[in-house]
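Chains as they are written, first to last, in the working numbering: chain Z, 1 to 100; chain U, 101 to 200.
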DNA sequence: TTTGAATACCTTGTATCACAAAGTACCAAA
DNA sequence: TTTGGTACTTTGTGATACAAGGTATTCAAA
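(1) For a quick check, are the C-beta atoms of residue 153 of chain U and residue 171 of chain U less than 8 Å apart?
(2) Out of Z:13, Z:6, Z:23, Z:15, which one is the CA nearest neighbour of residue 67 of chain Z?
(3) Below 7 Å CB to CB, which residues in the same chain sit around residue 40 of chain Z once its five sequence neighbours on both sides are set aside?
(4) Cβ-heavy atom distance between residue 132 of chain U and the ligand MG below 7 Å?
(5) Would you give the residue range spanned by the beta strand (DSSP E) that residue 53 of chain Z belongs to?
(6) Does residue 27 of chain Z pass the burial test, meaning 16 or more other C-beta atoms within 10 Å, or should it be called exposed?
(7) How would you call residue 36 of chain Z, buried or exposed, if buried means at least 16 neighbouring beta carbons within 10 angstroms?
(8) For residue 147 of chain U, which option in U:116, U:185, U:169 has the closest C-alpha, if you only look at C-alpha atoms?
(9) Note down, in chain order, every chain U residue with its Cβ under 7 Å from the Cβ of residue 96 of chain Z.
(10) How would you call residue 12 of chain Z, buried or exposed, if buried means at least 16 neighbouring beta carbons within 10 angstroms?
(11) What did DSSP end up calling residue 36 of chain Z once you bin it into helix, strand or coil?
(12) Per the DSSP calculation, residue 166 of chain U is bridged to which residue(s)?
(13) Could you please give the first and the last residue of the uninterrupted alpha helix (DSSP H) stretch that includes residue 8 of chain Z?
(14) Of the residues Z:95, Z:34, Z:7, Z:31, which one's Cα is nearest the Cα of residue 44 of chain Z?
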C-alpha cells in the first residue's frame, strides 16, 4: 500500500530532461502539485542513494551553482515499474468505486 | 500532497454497505490491496472521530461481536470531495507522464 | 564597499501514518 | 477444558511530508 506518488512524479519529470530542485518544484506547481523544498531535497538524495538518479553541478549566471539531477538506467527501470503500479492502483480504485 | 488513498477506499467500501474491519480487509484484498489490522483499526477510529463514520455492535454466531461501521452524511460529503481530488490527481499524473 | 534581494542548496524538528508484532477477548467444537 | 478460529486493540518502529530556519552565491543598487 506504500504509494510513492511523489517519487513517481520526480522520476517522470527527470525522464524527460535533467533538472535542478527549484525547477522541479516549479514544474510540479504548474501541474497543481504543491511540494516544498524540505520535502524535495531529501527525496532527491534518497533516489540518488538508491541509484535512480545521478547529478552534476552547473554554474548559473543567476546565483549559486545548480545541482542538475539526471535519471539513470536503473531509474528508468523503476519508473516503468511505477507506471505499472500506478495503472494498477487506478484500476483498483475504479473497481472499488464502481462496484455497484 | 498528503493523499489518503486508503481513507478513500474505506469510505468507498462503506458507502455501499456497512461492514466490520475483517470484512473490509477481505474486500480490499479481493481488490488486490493489502491492508493489515494494525493499519485499519486506527484508521477506522480516526474516521469515526472525524465524524465520517459511526458504528454499532452486532452479535455474531461465529465468534466475538462485530463492530459494524456505517458511513455518515458527513462521510458521504468527504467521499465526494475525495472523488474530485482523486480524479484531479489522476489527471495531474497523466499530464506529467505524457508531457511529451 | 557594503547592503539587500534573488536564487539555490541543506538540515532539524515534528506530526502522521502504515506496518509488525503482541495482547485481549469471545465462542464453539473436540 | 483446551484448542482453534474470529475479532478487536495497542505498542513500537520506520518512513515521509512539512514548517521553519540556516548557509552560500551572485548581482545590482545605495
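Ideal placement from N, C-alpha and C gives every residue a C-beta, glycine not left out.
Based on what the coordinates show:
(1) yes
(2) Z:23
(3) Excluding its 5 nearest sequence neighbours in each direction, residue 40 of chain Z has C-beta neighbours in its own chain below 7 Å: 21, 24, 25, listed in chain order.
(4) Questions concerning the ligand MG fall outside what the structure shown contains, since it holds no ligand whatsoever.
(5) 53-60
(6) buried
(7) Answer is exposed; the Cβ neighbour count stays below 16.
(8) U:169
(9) 109, 112, 113, 131
(10) Label assigned to residue 12 of chain Z: buried.
(11) In the displayed model, residue 36 of chain Z falls within coil according to three-state DSSP, outside both helix and strand.
(12) DSSP lists U:158 as the beta-bridge partner residues of residue 166 of chain U.
(13) 5-16
(14) Z:7
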